[in-house]
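Notes follow once the structure below has been shown.
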Amino acid sequence: MRLAREMEVTRKNFEESLEIVTKAIEEASFITIDGEFTGLNVSGSSHTGPLDTPEERYHKLLEGSTDFLLIQVGICAFIYDGSAKRYTAKPFNFYVFPRPYTRHAPDRRFLCQCSSLDFLVSQGFDFNKLFREGISYLSPPEEKRMREEIEQRHQQHQMSFYSPGLTSPDGGEQTVPKGPIAIPEEHSEFINNICCKVEDFLTNSEDETLELMPCTAFQRKLLYQTLGTKFPQEIHLQSKSGEKNQRFLVVTRVKGEGDIKKKEDQKQQEDFAELDRAVGFTKVMKVISQSGKLVVGHNMLLDLIHLLGHFFYPLPESYEEFKLMARCIFPRLLDTKLMANTQPFKEKILMSGLSDLKKTVEQEPFCKSDVVIPEGFGHHYMETEQLHEAAYDAFITGLCFISMANYLGKFQDPPAGILPPASPLLEPFVNKLFMMRLIDIPYMDLTGPDLKPTRDHVFHVTFPATWRTSDLFQLFSPFGNIHITWLDDVSSFVSLAKKEAADSVLKTLCKKGTPYRITTYDEFKRRGKEKNGRLTSSGHSVSKKRPSSSEDVDIPSKKQKQKSLNVNAAPFQSKLTPTNTPEKADPESAAREEESMSTAEEEQGKGDTGTSSEVDKAEKMFEVPETWE
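Numbering (full-length UniProt numbering), first residue to last: 1 to 629.
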């Protein structure tokens, strides 16, 4: 079968394409994924900041991003051909839109962010196709609830054979038996006319069915009651929707109670089949989850949050529960942006946006990945750049991963030209997600406690509303360069470049009678936790009068040419002591946690290939230092 527009999947061809998609996932060596959203952050929600902890970042995204829709999902299955020593890529582009398939189905409300929609339009996103042809979906809890409602509704309908008027077979809520409803005078003529029409149908017509005129839910309830009493063993009634979603009743000629029961059983099976179709795109995500394959993304924290929340279960308030949920659903995740920003890639990759990363890993010291796309699976992706089309972004994410993985193969003994996804050299990157704009915590660890670097050099400062950046520079000038993170008009975090000067700040600046107040970062956090019951980045709202956290101010220094995100280590075995406490803002994509990493022997047990010496090399190469600069 050839997919419409090659790899594009909508509700028109989803059912026939599902087998192809499932087969590609089952054959895949690894899978890449990418998403597009109706927005990134809610106005008034907490801004992400460079001093967030991973837990704080999760709660901020939970608060500010989950009311948007995930409207396009790109999935690319990379299948390794051992004989040809190259990968075959099969990308699929899914438009997803959660339209309610019946009146009883979830009818979602969602937010849109104008700038995000405008950006997608500028990239050629087809919103008409989204709303007309987007694939529906139901999460497992929603599917379970709908299935229970179908069973309950049909159970009630069977009761109505013997006690008309007890329930609404049309699908109303469960009601307490009250006996027949008195027909209001204004509806009596309508009901009588329908009764005459049905009687004529039974007497003079040879047709098997009779469609009645559209009517209100209350009128349908009266008809179920009246016709069920008047023709108890002669007809079966079923409510249907017309082209314009107008509801009407269909009268079917039956022979006795057994025939009625047969019709009801048939209708129930039809309802279950309709529910199965409404599960929609969730089926694809279930296949990926059940496969246990390595799932690769680029700056994928926000993608992961949306995938879990839309297609699996409601996101938990607890950060630890979120990490457990993520590991259960996707056992192996890998973030290419994290790879690009840590050793041994950090010094070789100056820009880690997806498009720039692709260009970089196609040149020395990397090797361009050898990948082919078969006919019918988006072959034009090989020649044409289509950034921000989810399937294309997923495809080039895979290209970047292959090139970086193969580069690591050089450190294997003997060197490997193609490094398999199960290699121990890749294992330390698994289940660690890149943290955008964090100064000293490079990743969120889904498998254990997060890193907790010392922040003794960070101070919370309050001051008069008239103060500006220059006033803070002047106040801290005796202590060298500083980094300012504005919280609101009267407070900020100040980080010292010279960490050893922290004690001097407290001794020199903490005086009575000053217009400012300086508190250590740890003390400020402790007070915030006592006040709010949960650790938060700050109790302040972001003011338009000050730069937001994404516009932090640095005093110029000689190291200006270095990358703004200063992560000097890869996500490998840490010498720092983590505590038990428990974004998708790529310049290009505009948006995109039992113990620390185990010993080398444990790492070797996680992979299918490689030797102890290979793991030792990985450990030595990617050690996390005691200090973060």
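Positions of the beta carbon are idealized from the N, C-alpha and C atoms, including for glycine.
C-alpha gap between residue i and residue j, whole angstroms
i           : j    : result
K255        : F190 : 26 Å
L18         : N93  : 12 Å
Y101        : F377 : 29 Å
residue 650 : Y313 : Examination of residue 650 is not possible in this model, given that the chain is present from 1 through 629 alone.
V287        : A502 : 52 Å
L40         : L70  : 10 Å
G531        : M146 : Note on identity: in this sequence residue 531 is Lys, with Gly being the wrong assignment. Going by the C-alpha atoms only, they are around 41 Å apart.
L333        : L294 : 6 Å
P547        : S403 : With a pLDDT of only 43 at P547, under 50, the local geometry of the prediction cannot be trusted, and no value is derived from it.
P478        : L496 : 11 Å
K263        : L212 : 18 Å
L301        : G417 : 30 Å
I484        : E56  : 19 Å
K529        : E63  : 18 Å
Y87         : T519 : 55 Å
L117        : D456 : 42 Å
L354        : G35  : 13 Å
K346        : N13  : 43 Å
M382        : C400 : 14 Å
K511        : F459 : 15 Å
P15         : T454 : Here the sequence assigns Glu to residue 15, which means Pro is not the residue at that position. Using only the alpha carbons, I get a separation of about 53 Å.
Status (buried if at least 16 other CB within 10 Å, exposed otherwise) for residue i
i    : result
H310 : buried
S504 : exposed
H298 : buried
L506 : exposed
C215 : buried
H236 : buried
H388 : buried
K337 : buried
A84  : exposed
T203 : exposed
N193 : exposed
D265 : exposed
I181 : exposed
E173 : Low per-residue confidence applies at E173: pLDDT is 44, beneath 50, and the placement is therefore not dependable, though the value from the model is reported in the following sentence. Under this definition E173 is an exposed residue.
Residue i (DSSP reduced to helix, strand or coil)
i    : result
M285 : helix
I79  : strand
E19  : helix
F190 : helix
P232 : coil
F97  : coil
S241 : strand
T209 : strand
G258 : helix
F272 : helix
I181 : coil
T10  : coil
I33  : strand
L70  : strand
G297 : strand
R277 : helix
I150 : helix
L138 : coil
A89  : strand
F125 : coil
L249 : strand
D554 : Because D554 sits at a pLDDT of 42, beneath the cut-off of 50, its placement in the model cannot be relied upon, and the point is left open.
L111 : strand
G417 : coil
A217 : helix
M40  : According to the sequence displayed, residue 40 carries Leu and not Met. Coil, per DSSP.
P54  : helix
Q155 : helix
Q: Tell me the start and end of each unbroken beta strand (DSSP E) in the stretch 299 to 357 that is at least 3 residues and wholly inside, in chain order.
A: 333 to 335
Q | Stretch-stretch touch, CB-based, cutoff 8 Å, three pairs: the stretch 388 to 402 with the stretch 101 to 113 | A | no
Q) Where in the stretch 351 to 404 do unbroken runs of the alpha helix (DSSP H), each at least 4 residues long, occur, reported from the N-terminal end onward? A) 354 to 360
Q) Counting Cβ pairs closer than 8 Å, one from the stretch 407 to 418 and one from the stretch 123 to 138, do we hit at least three? A) no
Q: Starting from the N-terminal side, write out each stretch of the beta strand (DSSP E) that is 3 residues or longer and does not extend beyond the stretch 467 to 532.
A: 482 to 488, 491 to 496, 517 to 520
Q.
When you compare the stretch 26 to 34 with the stretch 76 to 96, are there three or more beta-carbon pairs, one atom per stretch, that lie closer than 8 Å?
A. yes
Q) Hey, is the stretch 143 to 154 in contact with the stretch 186 to 203, meaning 3+ C-beta pairs nearer than 8 Å? A) no
Q. Does the stretch 462 to 475 come within contact of the stretch 425 to 439, defined as at least 3 CB pairs closer than 8 Å?
A. no
(Q) Any contact between the stretch 486 to 496 and the stretch 427 to 436? By contact I mean 3 or more CB pairs, one from each, below 8 Å. (A) no
Q.
Quick test of the definition: if touching needs 3 or more C-beta pairs under 8 Å, does the stretch 300 to 310 touch the stretch 261 to 274?
A. no
**Q.** Meets three-Cβ-pair contact criterion under 8 Å: the stretch 136 to 150 and the stretch 273 to 281
**A.** yes
Q: Give, in chain order, every unbroken run of the beta strand (DSSP E) that is at least 3 residues long and sits entirely within the stretch 426 to 475.
A: 432 to 434, 443 to 445, 458 to 462
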